[in-house]
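Visitor: Per my numbering, residue 502 is the first one in the sequence shown, and the count goes up by one each step.
Beta carbons: idealized from backbone N, C-alpha and C, even for Gly.
Just so we're clear, the structure is a prediction, and the values are computed from it rather than from any experiment.
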Amino acid sequence: MRNIAILLLAAGSSSRMEGRDKLLEEIDGTPLLTRICTQACETDLPVYVTLPSVEHPRAAFCPGATPVPVADAAEGMAASIRTGVAALPADCDAVMILPSDMPELDTRDLLVLADAPVKEENLILRACAQDGTPGHPVLFPRACFEDLTQLSGDQGARAVLKRHPVRLVALSAQRALIDLDTPEAWAAWRATRQPRR
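Written as structure tokens, this is what we have:
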């Protein structure tokens with residue numbers, strides 16, 4: 502396995518949650534952020550998590566992950582990616598970037614992406630649903646790191662995805678697509694959630 506790091510993006514403001522923090526919403530009694538940090542750490546890959554600051558309440562819910570404070574988090578997702586990638590160790594060959602509001606993803610899904618064979622140095626691996634719809638996480642090789650550290654705005658890494666070859670890696674069902682940004686989305690997901698076997 503290459504020297505892969507997992508970068509969890511958790512510096513956003515939850516602005517659509519009507520005063521609630523989506524990353525601290527509980528699933529089976531566990532805050533979502535703790536859940537995704539635990540799943541990521543169980544891959545045995547190093548895990549980094551971007552936060553608005555090390556004093557932010559979310560910092561207490563990131564077991565096993567290295568916190569990366571994002572001073573300009575209000576700018577949007579690009580600031581988290583830019584700061585997170587810059588904090589990675591020099592021997593890191595690739596980074597798996599993952600928004601922290603995706604409750605369906607588990608350790609197995611992350612390992613499917615991490616273990617996917619790569620023959621091209623600058624190939625990006627992007628998780629997708631079973632029907633091929635692109636989603637998250639996305640595994641960027643070191644060849645993309647410079648581009649990732651130059652991002653700006655709230656468009657994430659779309660520009661980088663357009664600039665490099667991308668291969669889709671299918672995960673089970675819709676796990677690569679489900680993110681929960683609003684109280685309504687949380688309520689709908691909880692109402693239809695199936696117990697994981």
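Could you tell me the alpha carbon to alpha carbon distance between P618 and V670, rounded to whole angstroms?
Guide: Roughly 10 Å separates the two Cα atoms.
Visitor: For R503 and A579, I'd like the C-alpha separation in whole angstroms.
Guide: So the two alpha carbons sit approximately 25 Å from each other.
Visitor: Expressed to the nearest angstrom, what Euclidean distance is found between the alpha-carbon atoms of F641 and L508?
Guide: Their Cα atoms are separated by approximately 11 Å.
Visitor: Excluding the 5 residues flanking L612 on each side, which residues of the same chain have their C-beta closer than 6 Å to its C-beta?
Guide: Answer for L612: T544, listed in chain order.
Visitor: Use the C-beta contact count for G657: other C-beta atoms within 10 angstroms, 16 or more gives buried, fewer gives exposed.
Guide: Its Cβ being crowded by 16 or more others within 10 Å, G657 is buried.
Visitor: Is it right to say G636 is buried, meaning 16 or more other beta carbons lie within 10 angstroms of its own, or is it exposed?
Guide: That one is buried.
Visitor: If you follow the alpha helix (DSSP H) that T693 is part of, which residue opens it and which one closes it?
Guide: Per DSSP, T693 belongs to the alpha helix (DSSP H) from 684 to 693.
Visitor: Might you give, ordered along the chain, the residues of its own chain that have their beta carbon closer than 6 Å to the beta carbon of F562, omitting 5 neighbours on each side?
Guide: Only P532, L534, T535 meet the Cβ criterion.
Visitor: Could you check where the alpha helix (DSSP H) with F646 kicks off and where it finishes?
Guide: Note, F646: alpha helix (DSSP H), 646 to 649.
Visitor: Cβ atoms of A674 and Q631: under 8 Å apart, would you say?
Guide: It is a contact, given that the beta carbons lie within the stated cut-off.
Visitor: Ends of the beta strand (DSSP E) at L669?
Guide: It spans 667 to 671 - the beta strand (DSSP E) in which L669 sits, taken as one unbroken run.
Visitor: Just to confirm my understanding: we take P553, look at its own chain, exclude 5 residues before and 5 after, and list those with CB closer than 6 Å. What are they?
Guide: The answer, listed in chain order, is A512, A574.
Visitor: By DSSP, does V586 sit in helix, in strand, or in coil?
Guide: It is helical.
Visitor: What separation, rounded to the nearest whole angstrom, lies between the Cα atoms of L672 and E576?
Guide: About 31 Å.
Visitor: Which of the three DSSP states, helix, strand or coil, is assigned to T567?
Guide: Here T567 sits in strand by DSSP.
Visitor: Where does the unbroken beta strand (DSSP E) through C593 begin, and where does it stop?
Guide: Looking at the DSSP string, C593 is not in any beta strand (DSSP E), and its letter there is neither H nor E.
Visitor: In chain order, what residues of the same chain lie with their CB nearer than 8 Å to the CB of R698, ignoring the 5 residues before and after it?
Guide: Unreliable placement is indicated for R698, whose pLDDT of 45 sits below 50; no coordinate value is reported for it.
Visitor: Kindly list the residues whose CB is nearer than 7 Å to the CB of A677, restricted to its own chain and excluding five residues on each side of it in sequence; keep chain order.
Guide: Closer than 7 Å at the Cβ level, and outside the excluded window around A677, lie A628, C629, A630, G636, H637.
Visitor: Residue range of the beta strand (DSSP E) that L546 falls in?
Guide: It is not in any beta strand (DSSP E) - L546 carries neither H nor E in the DSSP assignment.
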